[in-house]
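K.L.:
Residue numbers (the numbering used here), protein chains in the order written: chain A, 1 to 115; chain B, 116 to 231.
Quick reminder that beta carbons are idealized off the backbone N, C-alpha and C, glycines included.
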Amino acid sequence: AQSVSQHNHHVILSEAASLELGCNYSYGGTVNLFWYVQYPGQHLQLLLKYFSGDPLVKGIKGFEAEFIKSKFSFNLRKPSVQWSDTAEYFCAARRGDTGRRALTFGSGTRLQVQP
Amino acid sequence: NAGVTQTPKFQVLKTGQSMTLQCAQDMNHEYMSWYRQDPGMGLRLIHYSVGAGITDQGEVPNGYNVSRSTTEDFPLRLLSAAPSQTSVYFCASRRAGIPGSPDTQYFGPGTRLTVL
Chain A
1 AQSVSQHNHH VILSEAASLE LGCNYSYGGT VNLFWYVQYP GQHLQLLLKY
51 FSGDPLVKGI KGFEAEFIKS KFSFNLRKPS VQWSDTAEYF CAARRGDTGR
101 RALTFGSGTR LQVQP
Chain B
116 NAGVTQTPKF QVLKTGQSMT LQCAQDMNHE YMSWYRQDPG MGLRLIHYSV
166 GAGITDQGEV PNGYNVSRST TEDFPLRLLS AAPSQTSVYF CASRRAGIPG
216 SPDTQYFGPG TRLTVL
């Protein structure tokens, strides 16, 4: 079965620091990849997604992610975080070659940005 | 469009009680899913549906039933609630497309359930 791993469970950064959150998936075929963000008390919102094409994907709020097929990775990055980026971040994957349409999520990374 | 709506937002049950979590979407999406979110475990798929009359089990289906009689609604039933079902439940939907099509999954606001 497909799995998604997020190895950083809790990250604490100061404002203006650079961010990189790791995400690895296990499926070797065609895969669709997503990063979602959940702000405190709110539901999940899509940050960015990768389906095909340019492996460097730019999303909302200055976030980007790079798909590296050889490493089965889809790490999320932001050059300079803000206090408002404090949230929980989830990586998710879906097989791109089957009829299954539900996502497999990682366990999440809680980001705390200190002013 | 209201998007994906869920009711109730909060619910407290006693062990053994039954209840139904409601989920509706007005985007005419074929695919709908239920997830539960627990600390340190991310979101886990409970059940999903690829269209009216079609449902299938996800990763953690035990203790939950679903049905999909209409495109719009996808209720989740707990027949006999247990403390292990204390969680936040999210419903999601997306439209069908060719495999790999860049369709976004939309999430509802969630239902926070506590089972005593």
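Between which two residues does the beta strand (DSSP E) carrying K78 of chain A extend?
P.N.:
Where K78 of chain A is concerned, the enclosing beta strand (DSSP E) stretches over 73-78.
K.L.:
Report the rounded CA-to-CA distance for V127 of chain B versus D153 of chain B, giving the unit in angstroms.
P.N.:
Those two C-alpha atoms are separated by around 16 Å.
K.L.:
Verify whether the separation of the beta carbon atoms of K129 of chain B and L191 of chain B is less than 8 Å.
P.N.:
Cβ atoms of K129 of chain B and L191 of chain B: not closer than 8 Å.
K.L.:
Buried or exposed for H9 of chain A, please, with buried defined as at least 16 other CB atoms from any protein chain shown within 10 angstroms of its CB.
P.N.:
Classification for H9 of chain A: exposed.
K.L.:
Under a three-way DSSP split, which group does G166 of chain B fall into?
P.N.:
G166 of chain B falls in the strand class under three-state DSSP.
K.L.:
Does chain B have any CB closer than 8 Å to the CB of G28 of chain A?
P.N.:
With 8 Å as the cut-off, G28 of chain A does not count as an interface residue toward chain B.
K.L.:
Please determine, among B:G223, B:G131, B:Y179, B:R227, the residue with the shortest C-alpha to C-alpha distance to M147 of chain B.
P.N.:
Answer by Cα proximity: B:G223.
K.L.:
Relative to the C-alpha of L194 of chain B, which residue among B:Q220, B:G178, B:T120 is closest?
P.N.:
When only C-alpha atoms are compared, the closest one is B:G178.
K.L.:
Quick one: list the residues of chain C neighbouring S107 of chain A, beta-carbon separation under 8 Å, in chain order.
P.N.:
The structure shown has no chain C; the protein chains it does contain are A and B.
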